[in-house]
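The structure appears right after this line, and notes come after that.
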Amino acid sequence: MRIHSSLAIVLLASLAAAQSSIHERLRVDASDAPRNILHSTVTIPVASGAVTLVYPKWIPGNHRPTGPIQNVTGLHIRAGTQELEWQRDLVDMWAFHLQVPKGVSELEVSFDTLTYNGKSSAASSKVLDLNWNQVVMYPQGTPSDSVQVSASITLPKGWKFGTALTPARQSDSSTDFQPVSLTRLVDSPLIAGAIYRQVQLSKAGETLNVMDMVAESEAALQMSDKDLASYKQLVAETEKLFGAHHFEKYHFLLTLSDQTAHGGLEHHESSDNRTAEDTLSDPNWHNLEADLLPHEFVHSWNGKYRRPAGLATPNYQEPMKGDLLWVYEGLTDYLGDILSARSGLRSPEQWRENAAYTAAMLDHRAGRTWRPLQDTATSVQILFTAPPEWTNWRRSADYYPEGFLIWLEVDTMIRRQSNGQKSLNDFCRLFFGGKDSPPAVAPYKFEDVVSALNQVVPYNWAGMLRERLDSKSPHAPLGGIENGGWKLVYNTQKNTTMEAREKTGESLDLSFSLGIIITKEGTISDAIPDSPAYAAGIGPGMKLIAVNGRKYSKDLIRTALREAAGGSQPVSFLVEHAEYYETYKVDYHGGERYPHLVRNESQPDILQEVIKPIASAQ
Ligand SMILES: [Zn+2]
């Protein structure tokens, strides 16, 4: 491999077996999954005396203590027919202490995991998204590589499943999987459903790459020929970008449902992608989610194989450090986005509109004057539990979208300094490629990133990156767009990414005019400090009742903005604020404003080069 030889490369597949000190059996009865209750039985070898069992707390890819211990119920621990008493640790809620009687060498731990969470549940009547960390326990202090698990699952009758795990035996509704380390089990989620389809994305003779889909309806699984071609191209483009892969096979797991949680979670040999039921057919959902599978696929290299040292923990109880998430997530955001264009999932115009929205959103983040980007990564543990109100002033997980801007800047700088001979593609091959291998973890530090960049093109990368990470400038780093031969501008024409967000029902985003975001119920979810609406006294939590004396609607507020443009009359807002009705006069005359990128014809179009396919057509 061309990466630093001093790094400890841990080949999970080979070492896990060698280090194996205990072997658990895990039976998951998911036949009740539609009611969002999973029944687990774990058989754990133990010695007599004091024993502490733990439930996974720090979840890979979440980077924080999200193991849903509050949903563990019906816990019983038995030695044969004898029920043992357990005590939860007074400080660590994920740990259970007990005394194992003499002569007992094995415990049977049974419990239920409740996965109901409204429209963010793990299951519906038709689909299940199973993350094994939610249904397992293991002895405290044991590395997850040292626990072998023979897992089995029982599903509702007739359901089919997709997973990177290898079935050993299958009967009726139950499947036994080949034993794997706890690391690999937790890294291999399973999706299941009454309506299932698998499509192959790799060619014969190549490493197997498939997409497993479950959905609420047959119609949701109908993928266009164009999309199928784009997903095949995505695999080819990503393989070409990195030059080698670190999995034995890869499964894109895709759940299309409005009844279960949306989002994505990365793994070595699979990704768990959950989107709206209509994602494959609705053009707005399609546009918004076009980078989801590319993003999660990139993580197999950036995040799973190469992992920040602070996130490469020996088991799920060890705290994680998120300071390098601007590489783990930020670079993945950038690469996932450009792969959405290289593979044809987004048009170049859609890609630029998305980039314009990202740049404008970050350029209007008031919180950047107190909170440097670095702190958004460092404080990952607390950012996701914050409410949406005051996001602009608090900042959010900005290391994702601002990572896009920073890595675009790095990419365009390499291209300019090497006269187009080198690009971030070279860094990707150097840092993430090497030779094909099974799942492995190669930890890195800030200095390793800088050193690899310097091998591509020598420059003061450490200084440049630290400046971007530690800056308290009110403005976002737009150097990548400018180096790329484009400019960020605002006009009255709607931005297609923002329009897609609005049409899919999320919100009305007037960040770049009034300085507020409004939910579909008419409530202000955020206000930008010092924006016109904020200056008039409007803030998050207030509900719009009327605009210029007439009942609030999205159309009405747009009309009011157009009518006030260039004039001198303020726009009048009647808002409900807790139990009071109040009127605010907003002195704003700039009309509707939406961000776009326009060409700077005096510079070459490097952005076009960035999103140009690099693999041959599939
Ligand atoms: Zn990610």
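Residue 20 is where the sequence shown starts when you use the working numbering, and the numbers rise one by one after that.
Ideal placement from N, C-alpha and C gives every residue a C-beta, glycine not left out.
- request: Could you pull out every unbroken alpha helix (DSSP H) segment of at least 4 residues lying fully inside the region 327 to 354, listed in chain order?
  value: 344 to 347
- prompt: For residue 542, which residues from the same chain have a beta carbon less than 6 Å from its beta carbon, with the 5 sequence-adjacent residues on both sides left out?
  reply: As a working mapping, residue 542 is identified with position 523 in the sequence shown. Excluding sequence neighbours, residue 542 sits near 562.
query: Helix or strand or just coil, what does DSSP make of residue 305?
result: To locate residue 305, count along the sequence shown from 1; it is residue 286. If DSSP states are grouped into helix, strand and coil, residue 305 belongs with the helices.
query: Taking the runs of the alpha helix (DSSP H) that are 4 residues or longer, which of them lie wholly in the region 474 to 534?
result: 480 to 489, 498 to 502, 515 to 522
Opposing strand residues paired with residue 241 [DSSP bridges]: On the sequence shown, residue 241 is found 222 positions in, with the first residue counted as 1. According to DSSP, which records beta bridges pairwise, residue 241 is partnered with nothing at all.
- prompt: Got a sec: does ligand 1 put a non-hydrogen atom nearer than 7 Å to the Cβ of residue 351?
  reply: In the sequence shown, the residue the question calls residue 351 occupies position 332. Checking every heavy atom of ligand 1 against the Cβ of residue 351, one is found closer than 7 Å.
- request: Return the CA-CA distance between residue 45 and residue 311, expressed in angstroms with no decimal places.
  value: Looking up residue 45 in the sequence shown gives position 26. Looking up residue 311 in the sequence shown gives position 292. Roughly 31 Å between the two C-alpha positions.
query: Alpha carbon to alpha carbon, what distance is there between residue 416 and residue 154?
result: Counted from its first residue, the sequence shown places residue 154 at position 135. Counted from its first residue, the sequence shown places residue 416 at position 397. For residue 154 and residue 416, the distance between alpha carbons rounds to 28 Å.
- request: Determine the DSSP secondary structure at residue 104, reduced to helix, strand or coil.
  value: By 1-based counting over the sequence shown, the position of residue 104 is 85. It is coil, neither helix nor strand.
message: For ligand 2, is there any heavy atom lying closer than 7 Å to the beta carbon of residue 318?
response: Although ligand 2 was asked about, the structure shown includes only ligand 1 as ligands.
task: Less than 8 Å between the CB atoms is what I'm expecting for residue 628 and residue 435, so what's the real figure, rounded?
output: Here the question's residue 628 lines up with position 609 in the sequence shown. Here the question's residue 435 lines up with position 416 in the sequence shown. The pair is not a contact, with the Cβ atoms about 11 Å apart (cut-off 8 Å).
Paired residues, beta bridge with residue 230 - DSSP: As a working note, residue 230 is residue 211 in the sequence shown. DSSP, once it has assigned bridges, lists 218, 271 as partnering residue 230.
message: Considering only heavy atoms of ligand 1, does any lie closer than 7 Å to the CB of residue 494?
response: Along the sequence shown, one-based indexing puts residue 494 at 475. No.
field: Spatially closest choice to residue 559 from 171, 488, 106, 413, by CA coordinates
entry: The residue you call residue 559 lines up with position 540 of the sequence shown. Closest option to residue 559, Cα to Cα, is 413.
- prompt: Using 8 Å as the Cβ pair cut-off and three pairs as the minimum, do the region 164 to 173 and the region 93 to 101 touch?
  reply: no
- request: Assign residue 633 to one of two classes, buried (16 or more other C-beta atoms within 10 Å of its C-beta) or exposed (fewer than that).
  value: Taking the sequence shown and counting its residues from 1, the one referred to as residue 633 is at position 614. Exposed is the call here.
query: Once you ignore the five residues that flank residue 481 on each side, which residues in its own chain have a CB closer than 6 Å to its CB?
result: For the purposes of this step, residue 481 is taken as residue 462 along the sequence shown, with counting starting at 1. The residues are 469.
- prompt: Is residue 73 closer than 8 Å to residue 274 when the C-beta atoms are compared?
  reply: By one-based count along the sequence shown, residue 274 stands at place 255. By one-based count along the sequence shown, residue 73 stands at place 54. No, Cβ-Cβ distance for residue 274 and residue 73 is not below 8 Å.
- request: Report yes or no: do the region 418 to 433 and the region 281 to 296 share at least 3 C-beta pairs separated by less than 8 Å?
  value: no
- request: Find out if the Cβ-Cβ distance for the pair residue 449, residue 476 is shorter than 8 Å.
  value: By one-based count along the sequence shown, residue 449 stands at place 430. By one-based count along the sequence shown, residue 476 stands at place 457. No; because the gap between Cβ atoms is not below 8 Å, this pair is not in contact.
message: Suppose you measure from the CA of residue 178 to the CA of residue 144; what does that come to, to the nearest Å?
response: Here residue 178 corresponds to residue number 159 of the sequence shown, with the count starting at 1. Here residue 144 corresponds to residue number 125 of the sequence shown, with the count starting at 1. Roughly 11 Å between the two C-alpha positions.
query: Using a Cβ-Cβ cut-off of 6 Å (strictly less than) and excluding sequence neighbours within five positions of residue 197, which residues of its own chain qualify?
result: Numbered from its first residue, the sequence shown carries residue 197 at position 178. Counting only Cβ-Cβ distances below 6 Å, and skipping sequence neighbours, we find 185, 187.
- request: Could you tell me whether the Cβ atoms of residue 81 and residue 142 are closer together than 8 Å?
  value: Taking the first residue of the sequence shown as 1, we reach residue 81 at position 62. Taking the first residue of the sequence shown as 1, we reach residue 142 at position 123. Not a contact, by the Cβ cut-off of 8 Å.
- prompt: Candidates 172, 295, 208: which alpha carbon is nearest residue 138's?
  reply: By 1-based counting over the sequence shown, the position of residue 138 is 119. Of the listed residues, the one whose Cα sits closest to residue 138 is 295.
field: Whole beta strand (DSSP E) elements within the region 121 to 147, 3-residue minimum
entry: 125 to 133
query: Starting from residue 166 and walking both ways along the beta strand (DSSP E), at which residues does that stretch end?
result: Mapped onto the sequence shown, residue 166 falls at position 147. 166 to 173 is the extent of the beta strand (DSSP E) around residue 166.
message: Once the 5 residues before and after residue 362 are set aside, which same chain residues still bring their CB inside 6 Å of it?
response: One-based indexing of the sequence shown puts residue 362 at position 343. 249, 252, 253, 256, listed in sequence order.
task: Would you mind stating whether residue 94 and residue 149 have Cβ atoms separated by less than 8 Å?
output: For the purposes of this step, residue 94 is identified with residue 75 of the sequence shown, where counting begins at 1. For the purposes of this step, residue 149 is identified with residue 130 of the sequence shown, where counting begins at 1. Their beta carbons are not under 8 Å apart, which means residue 94 does not touch residue 149 by this criterion.
Contact set for residue 442: own chain, Cβ-Cβ below 7 Å, skip 5 residues either direction: Working through the sequence shown from its first residue, we reach residue 442 at position 423. Correct list, in chain order: 430, 433, 434.
query: Is there at least one non-hydrogen atom of ligand 1 closer than 7 Å to the beta-carbon of residue 421?
result: In the sequence shown, counting from the first residue as 1, residue 421 sits at position 402. Flag unset: Cβ of residue 421 not near ligand 1.
- prompt: Straight-line CA distance for residue 32 to residue 151?
  reply: In the sequence shown, residue 32 corresponds to position 13, counting from 1. In the sequence shown, residue 151 corresponds to position 132, counting from 1. Only weak support exists for where residue 32 lies, its pLDDT of 40 falling under 50; the value from the coordinates is given anyway. Spanning the two alpha carbons is a distance of roughly 18 Å.
query: How many Å lie between residue 320 and residue 265 at the Cα?
result: Residue mapping note: residue 320 aligns to position 301 of the sequence shown, counting from 1. Residue mapping note: residue 265 aligns to position 246 of the sequence shown, counting from 1. The straight-line gap from Cα to Cα measures roughly 7 Å.
- prompt: Between 157, 365, 48, which lies nearest to residue 40 when the distance is taken from Cα to Cα?
  reply: The residue you call residue 40 lines up with position 21 of the sequence shown. Of the listed residues, the one whose Cα sits closest to residue 40 is 157.
task: Report the rounded CA-to-CA distance for residue 105 versus residue 63, giving the unit in angstroms.
output: Here residue 105 refers to the residue found at position 86 when the sequence shown is read from its first residue. Here residue 63 refers to the residue found at position 44 when the sequence shown is read from its first residue. Between residue 105 and residue 63, the C-alpha separation is close to 15 Å.
- request: Look up residue 225 in the DSSP assignment and say whether it is helix, strand or coil.
  value: Here residue 225 refers to the residue found at position 206 of the sequence shown. DSSP places residue 225 in coil when its eight states are reduced to three.
- prompt: Around the Cβ of residue 393, are there at least 16 other Cβ atoms within 10 angstroms (buried) or fewer (exposed)?
  reply: The count along the sequence shown starts at 1 and reaches residue 393 at position 374. Buried.
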